[in-house]
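Asker: Residue numbers (the working numbering), protein chains in the order written: chain Z, 1 to 268; chain E, 1001 to 1178. What follows is a structure written as structure tokens; I'll ask about it next.
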């Protein structure tokens, strides 16, 4: 018994030191490589069960959602009509300024989520693709609508761990789309702000409105103009000289199944 | 040489019992990371792995159960668990000490097992919480809003796990009694 306790303590210290020094160890990679196909199978079974459950019990919710979406389509069609004329004007201006069309340089790799992190203290999930699909750490994960999900932080042959924007360890340089004011977005750990993002270091003169769109400013890691979230609240930070904004993440993490990794883009 | 490889029926039952424990652990791990990873129960993510490890350790005793706890918590750590190193220490030491306590002072029954399971869950979550609190600026109020509900919700799974472990423990009993 004493031997087991001693072994447990030694292993705990050794794994803490090795993961601190070397990141993901070969043992972790081996275990993840073996577990990923099992998790993938379990995940697809779960998805099927969920689909049947939603089909049987979600009819009323679907009907309400359908009605809401029909209304949204009418609104969006209206917006598209306005956007068409603006786009023509924009295209003309682009031509004048010799600007290249944005986002044509993106290359994507799609992947399914096979497991989520097991604790309430961080926000990560594992996908069923890794270096075998050309993925690398530091690549950005987005939804099909270009909403930022997170970043690849660990990788193996057939798996990769994505740390989401909800995690406090991730910091993204971002700007308010309407005003251009810049700040840094990260997950909010403060009580009452769970499930929200916090945009810090905004200038005190920044004017923030509800539903203002927040987008990436562009860097070697994050392409420009990806949607991060929408402003839901704002105020002065603890120093009193800068403002902060609380954001509702653009991506719906509750229904996330398939994601897209940007494997290549030309940073500006 | 070959006759040394012969496995007696009793040994087969032993292997079957530990295989079933391992499958139960894997099932808990899959449920925790695949199903409950993205879904919450009463607003929290249940923590099933410590429940399985503690129940097996308590039923099988400090030595065999302790070895099971050590190996499974190591696997849990290597599978990418949050603060996995902490899990190795906590998920081995607390159930082993709990097992000793149960056999020496308390009866090895359901209620002491439930109490030890709650203690294991509480200690594991508290250590992870403290690390996040001191090194990751986590709000202290989440001890009450997240940690306590997580322990209580996870403990709800204990009766079912305890029942399954008790059934698995009996594998081979009928053979031995004949």
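Note that the Cβ used here is the ideal one computed from N, Cα and C, for glycine as well. None of the values given here were measured: they were computed from a predicted structure.
What number of angstroms, rounded off, separates the C-alpha of residue 43 of chain Z from the C-alpha of residue 1146 of chain E?
Answerer: 26 Å
Asker: Could you work out which residues of chain E lie near residue 63 of chain Z, taking near to mean beta carbons separated by less than 9 Å?
Answerer: The premise fails here: residue 63 of chain Z is roughly 23 Å from chain E at the closest Cβ pair, so nothing lies under 9 Å.
Asker: For residue 107 of chain Z versus residue 263 of chain Z, is the C-beta spacing smaller than 7 Å?
Answerer: yes
Asker: In three-state DSSP terms, what is residue 198 of chain Z?
Answerer: strand
Asker: What number of angstroms, rounded off, separates the C-alpha of residue 134 of chain Z from the C-alpha of residue 51 of chain Z?
Answerer: Between residue 134 of chain Z and residue 51 of chain Z, the C-alpha separation is close to 31 Å.
Asker: Which residue comes first and which comes last in the beta strand (DSSP E) that contains residue 249 of chain Z?
Answerer: Here the beta strand (DSSP E) through residue 249 of chain Z covers 242-249.
Asker: Are residue 1048 of chain E and residue 1028 of chain E touching if we call contact CB-CB under 7 Å?
Answerer: yes
Asker: Using the DSSP secondary-structure output, state which residues sit across from residue 109 of chain Z in a beta bridge.
Answerer: Answer by DSSP bridge pairing, in chain order: Z:261.
Asker: Could you tell me if residue 10 of chain Z is buried or exposed, where buried requires 16 or more neighbouring beta carbons within 10 angstroms of its beta carbon?
Answerer: exposed
Asker: Cα separation between residue 1140 of chain E and residue 1133 of chain E?
Answerer: The alpha-carbon of residue 1140 of chain E is positioned some 7 Å away from that of residue 1133 of chain E.
Asker: Cutting at 8 Å between CB atoms, please list the residues of its own chain near residue 1007 of chain E, excluding the five before and the five after it.
Answerer: 1015
Asker: Report yes or no: is there a C-beta of chain E within less than 7 Å of the C-beta of residue 31 of chain Z?
Answerer: Between residue 31 of chain Z and chain E, the shortest Cβ-Cβ separation is below 7 Å.
Asker: Would you list, in chain order, the members of the region 194-223 of chain Z that have their beta-carbon closer than 9 Å to a beta-carbon of chain E?
Answerer: 194
Asker: Take every Cβ of the region 173-182 of chain Z, pair it with every Cβ of the region 151-161 of chain Z, and state whether three or more of those distances are shorter than 8 Å.
Answerer: The region 151-161 of chain Z and the region 173-182 of chain Z do not touch, with fewer than three beta-carbon pairs separated by less than 8 Å.
Asker: Taking all protein chains shown into account, do 16 or more other C-beta atoms lie within 10 angstroms of the C-beta of residue 222 of chain Z, making it buried, or fewer, making it exposed?
Answerer: buried
Asker: Go through its chain and collect everything with a Cβ distance to residue 39 of chain Z's Cβ below 6 Å, but skip five positions before and after it.
Answerer: 114, 115
Asker: Count the other C-beta atoms from every protein chain shown that fall within 10 angstroms of the C-beta of residue 219 of chain Z, then say buried if there are 16 or more, exposed otherwise.
Answerer: Residue 219 of chain Z should be labelled exposed.
Asker: Assuming residue 1169 of chain E is part of the alpha helix (DSSP H), what are its boundary residues?
Answerer: 1158-1169
Asker: Tell me, please, whether the CB atom of residue 1038 of chain E is closer than 7 Å to any CB atom in chain Z?
Answerer: Residue 1038 of chain E counts as touching chain Z.
Asker: Compile a chain-ordered list of the residues in the region 1103-1114 of chain E whose CB is closer than 7 Å to at least one CB of chain Z.
Answerer: none
Asker: From this set, Z:4, Z:197, Z:208, Z:69, which residue's C-alpha is nearest residue 251 of chain Z's C-alpha?
Answerer: Z:197
Asker: Once DSSP output is grouped into helix, strand and coil, what is the label at residue 252 of chain Z?
Answerer: coil
Asker: Within 10 Å of its beta-carbon, does residue 145 of chain Z have 16 or more other beta-carbons around it, so buried, or fewer, so exposed?
Answerer: Exposed, by the Cβ-count rule.
Asker: Among the residues of its own chain, which have a CB less than 7 Å from the CB of residue 1077 of chain E, if the five just before and after it don't count?
Answerer: For residue 1077 of chain E, where only same-chain residues beyond five positions count, the Cβ hits under 7 Å are 1084, 1085, 1087, 1088.
Asker: Inspect the beta-carbon positions of residue 1116 of chain E and residue 1155 of chain E and report whether they are closer than 7 Å.
Answerer: For residue 1116 of chain E and residue 1155 of chain E, no; Cβs fall outside 7 Å.
Asker: State buried or exposed for residue 1038 of chain E, treating a residue as buried only when at least 16 other CB atoms are found within 10 Å of its CB.
Answerer: buried
Asker: Under 7 Å, Cβ to Cβ, is there at least one residue of chain E near residue 22 of chain Z?
Answerer: no
Asker: From the DSSP output, in three-state form, read off residue 98 of chain Z for me.
Answerer: Confidence in residue 98 of chain Z is poor, its pLDDT being 43 and thus under 50, which makes the residue's placement unreliable; the coordinate value appears in the next sentence. Coil, per DSSP.
Asker: Give the list of continuous beta strand (DSSP E) stretches no shorter than 3 residues that lie fully inside the region 120-187 of chain Z.
Answerer: 124-127, 140-142, 148-155, 160-164, 172-176, 182-187
Asker: Whole angstroms are fine: how far does the CA of residue 125 of chain Z sit from the CA of residue 1036 of chain E?
Answerer: 12 Å
Asker: How long is the line joining the alpha carbons of residue 1143 of chain E and residue 1126 of chain E, rounded to whole angstroms?
Answerer: 8 Å
Asker: Going by the DSSP bridge assignment, what does residue 233 of chain Z pair with across the sheet?
Answerer: Z:246
Asker: Just reading off the beta strand (DSSP E) that residue 216 of chain Z is part of, what are its end residues?
Answerer: 213-216
Asker: Of all the options Z:166, Z:203, Z:178, which has the alpha carbon lying nearest to the alpha carbon of residue 186 of chain Z?
Answerer: Z:166
Asker: From the DSSP secondary-structure annotation, give me the bridge partner or partners of residue 116 of chain Z.
Answerer: Z:125
Asker: Is it true that the CB of residue 1055 of chain E sits closer than 7 Å to the CB of residue 1151 of chain E?
Answerer: no
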